[in-house]
Each structure stands twice: as structure tokens, then as C-alpha cells.
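Q:
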Amino acid sequence: MLTLGLITTHTPPPAPQTLRFLRSCRLEVGMKNNVSWTLSTDIVARHFLKNLRVSVPPHALKLPDEPITRWGEYWCDVTVNGIDTVRVPMDVVEFMRPRTKRRRHWQAQQAALLAARRDELL
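Here's what the structure looks like:
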């Protein structure tokens, strides 16, 4: 309980389901390769909502101290209700349009099916 003047506010405890969900997640952030970019907390917050359907305000995120300007594996700390912090692994990858991503996934499936059939015949 927090008392501010005459107003008393209650800070809710972090929801265990939220913490459990964030611990099990891996965030994928797609960035284009034809422009120079630096990853910010606003971009990461937008990808949390877009990819994981979790609304995270930018002020609740903490990125590594060095600026992220290349693709690779990183992490971000998410503070839940200002109390508990969860470290979420984050992959910064090349951005692909959804149509291109679906087509490449389909092609990989077809190649796997073809390889399985080839192994059955031999």
C-alpha cells in the first residue's frame, strides 16, 4: 500500500501467470536490412504487442547498455507492475513480409516431405 498525501493507492502484486508466460517466451524482432537502424524500447514494445499479444509500456523495458544495431540474439528485461523483473530472450532477425515468410515455411515443409519420401524408397 502506498500513501500519497490523503490518497491511498494499492499496488497489485505481479500476476504469476504473466511472469510464467514471459519466462516461457522468446521475442522475435524483424528489422529491415536496407536502412540503418538502432533498436529502441518503443520498437520492442510494439513487437511484444504484435508477436506475443502482451502490452508492455516502453518504460517497463530495459535493453542492454550497448546499442543494438545488428541482427543477433539479445535479451530485454521486462518489469511487471514495477515489482518483478523477467529477462526475455530476443532474436533480432531480418524482416520478412508475412507472405514471404509463409512461402518459405511451405517450401521447407515440401523439401522435408520430399526427403522423407526419398528415404522411404531407398
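So the number in this note's numbering is just where the residue sits in the sequence shown, counting from 1, plus 1. Ideal Cβ placement from N, Cα and C applies to all residues, glycine included.
State whether the stretch 35-43 contacts the stretch 54-72, with contact taken as three or more CB pairs (one from each stretch) at a distance under 8 Å.
A: At 8 Å Cβ cutoff, the stretches touch.
Q: Name the one or two DSSP bridge partners that D124 has.
A: An answer regarding residue 124 cannot be provided, because it is not within the stretch 2 to 123 covered by the chain.
Q: Could you tell me the alpha carbon to alpha carbon distance between W76 and P99, rounded to whole angstroms?
A: Cα-Cα distance, rounded: 24 Å.
Q: Looking at the unbroken alpha helix (DSSP H) that takes in V55, where does it start and where does it end?
A: Here V55 belongs to no alpha helix (DSSP H), and DSSP marks it neither H nor E.
Q: Using only CA atoms, which one of W107, H106, R21 and M32 lies nearest to D92?
A: Among W107, H106, R21 and M32, the Cα nearest to that of D92 is on M32.
Q: Taking the beta carbon of L62 as the centre, do at least 16 other beta carbons fall within 10 Å, making it buried, or is it exposed?
A: Its Cβ being crowded by 16 or more others within 10 Å, L62 is buried.
Q: Decide if F22 is buried, meaning its Cβ has at least 16 other Cβ atoms within 10 Å, or exposed.
A: With fewer than 16 other Cβ atoms within 10 Å, it is exposed.
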